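Protein chains in written order, with my numbering: chain A, 9 to 167; chain B, 9 to 167.
2 protein chains.
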Amino acid sequence: MSYNVERLKVNYKTLEEFKKFKEYGVQELSMLEDLQENIIEDNCDSPFYGIYFGDKLVARMSLYERNAKYDLYFDPPQNFLELWKLEVLPEYQFKGYGKKLVEFAKSFGAPIKTNSRMKSKEFWEKMGFQTVTYDMERDLGQNPLIWHPDGVKEQKTNS
Amino acid sequence: MSYNVERLKVNYKTLEEFKKFKEYGVQELSMLEDLQENIIEDNCDSPFYGIYFGDKLVARMSLYERNAKYDLYFDPPQNFLELWKLEVLPEYQFKGYGKKLVEFAKSFGAPIKTNSRMKSKEFWEKMGFQTVTYDMERDLGQNPLIWHPDGVKEQKTNS
């Protein structure tokens with residue numbers, strides 16, 4: 009079975025499918041409101057990428073390019089991708105969908121930073137990500153992991 | 009039954025109790041390593057506060073004062089408390105422990121910012137917290153909620 013990663017369009021169908029994902033939050037609610045109030049157009053590009061099985065969205069992630077001036081993770085500071093809300097619906101897990109999405113994110117050739125749930129740490133490490141040295145001032149409640157196309161060079165923190 | 013909020017000490021007993029909480033992560037692992045390598049002292053203060061039932065830790069939160077220069081939420085920018093990992097063990101939920109911890113955080117008299125799980129939104133709203141207007145550049149995968157002792161004045165974002 010072949011499947012492709014697609015950039016998701018903002019429309020009522022996509023936003024309805026998002027409700028099936030555990031990490032449905034303020035971001036999705038805000039997109040829905042913007043659509044209802046015509047602040048954003050129907051079918052405009054979203055920061056989400058996903059995989060469809062037939063016409064059902066079964067996996068997704070959000071991806072956003074951040075400027076080097078916000079980079080607190082890589083040495084030297086550089087433009088990087090922030091990846092969040094990587095999630096595969098329960099009945100579609102362990103079939104390679106998550107891996108496919110992360111490989112897609114890597115294909116942009118930029119360093120990536122994500123925040124993992126502890127249970128998924130093993131998955132991220134298999135994907136070549138590395139846990140950073142925890143810094144409370146910077147990381148607070150996060151569990152940050154980073155990946156770099158040329159191998160990770162982690163930024164030193166002050167603490 | 010009376011119970012008190014205590015500032016938690018970093019020691020092997022506390023760190024063992026932390027393992028029972030779902031949001032055990034890099035922060036706790038890092039504290040454990042620092043203790044093992046004598047980088048931090050046994051029984052020094054941690055950023056965690058908790059409630060004991062007998063000698064068992066049943067609820068906790070992390071609390072950290074951030075400088076106004078990091079404030080992207082309140083208007084005008086000001087020193088505020090970041091609250092994370094508020095969690096009550098399953099068999100002790102719905103007994104007021106979470107409320108007690110949040111009231112303790114409020115007692116410092118500073119504005120508070122937290123990041124909620126969507127399912128806990130109702131709890132936070134009951135505690136007087138308000139969902140911020142989502143801004144992707146700032147909030148990424150977070151669901152931020154804020155509280156201010158004098159009523160919230162939310163910082164305007166650029167987007």
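Beta carbons: idealized from backbone N, C-alpha and C, even for Gly.
All of these numbers come straight from a predicted model, not from anything done at the bench.
Tell me where the alpha helix (DSSP H) around B:M69 begins and ends.
-> Unbroken run through B:M69 is the beta strand (DSSP E), K64 to R74; no alpha helix (DSSP H).
Does the beta carbon of B:T165 come closer than 8 angstroms to any beta carbon on chain A?
-> no
To the nearest angstrom, report how far apart B:E130 and A:E145 are at their CA atoms.
-> 28 angstroms
Member of A:I120, A:E99, A:A118 and A:Q138 whose CA lies at the smallest distance from the CA of A:M126 = A:Q138
Beta strand (DSSP E) runs wholly inside the segment 105-151 of chain A, at least 3 long, in chain order = 120-123
B:K17 (DSSP reduced to helix, strand or coil) | strand
From what residue to what residue does the alpha helix (DSSP H) around A:V96 run?
-> That residue, A:V96, is in no alpha helix (DSSP H); its beta strand (DSSP E) goes F88 to V96.
Hey, does A:Y32 have any beta-carbon neighbour from chain B nearer than 8 angstroms?
-> yes
For A:E41, three-class secondary structure by DSSP = helix
Cβ atoms of B:W155 and B:N123: under 8 angstroms apart, would you say?
-> no
So A:D83 is in the beta strand (DSSP E); what residue range does that whole segment cover?
-> Where A:D83 is concerned, there is no enclosing beta strand (DSSP E), given that its DSSP letter is neither H nor E.
Residues bridged to B:G58 [DSSP beta-bridge criterion] | B:E14 and B:R68
Please name the residue in A:M39, A:K28 and A:D158 whose C-alpha comes closest to that of A:F116.
-> A:D158
B:P152 versus A:Q35, A:N51 and A:G62, residue with shortest Cα-Cα distance = A:Q35
Stretch-stretch touch, CB-based, cutoff 8 angstroms, three pairs: the segment 10-26 of chain B with the segment 64-78 of chain B = yes
Could you check what DSSP says for A:E31 in three-state terms: helix, strand or coil?
-> coil
Mind pulling the chain A residues with CB within less than 8 angstroms of B:N19?
-> Those do not exist, as B:N19 stays about 18 angstroms from chain A at its closest Cβ, beyond 8 angstroms.
Is the CB of A:E25 under 8 angstroms away from at least one CB in chain B?
-> no
So is B:G58 buried or exposed if we call it buried at 16+ other beta carbons inside 10 Å?
-> buried
Beta carbon of A:E162, beta carbon of A:D83: below 8 angstroms?
-> yes
What does B:L80 touch in chain A if you count any residue whose Cβ is under 8 angstroms from its own?
-> The contacting residues do not exist; B:L80 stays about 11 angstroms from chain A at best.
Any Cβ of chain A within less than 8 angstroms of the Cβ of B:K28?
-> no
Taking only beta-carbon positions, decide if A:W92 is within less than 8 angstroms of chain B.
-> yes
Pick out whichever of B:K121, B:T165, B:K21 and B:K134 has its Cα sitting closest to the Cα of B:F88.
-> B:K121
Helix, strand or coil for B:E49, going by three-state DSSP, please let me know.
-> coil
In its own chain, which residues sit with a C-beta less than 6 angstroms from the C-beta of B:N51, not counting the 5 before and 5 after it?
-> K17 and N19
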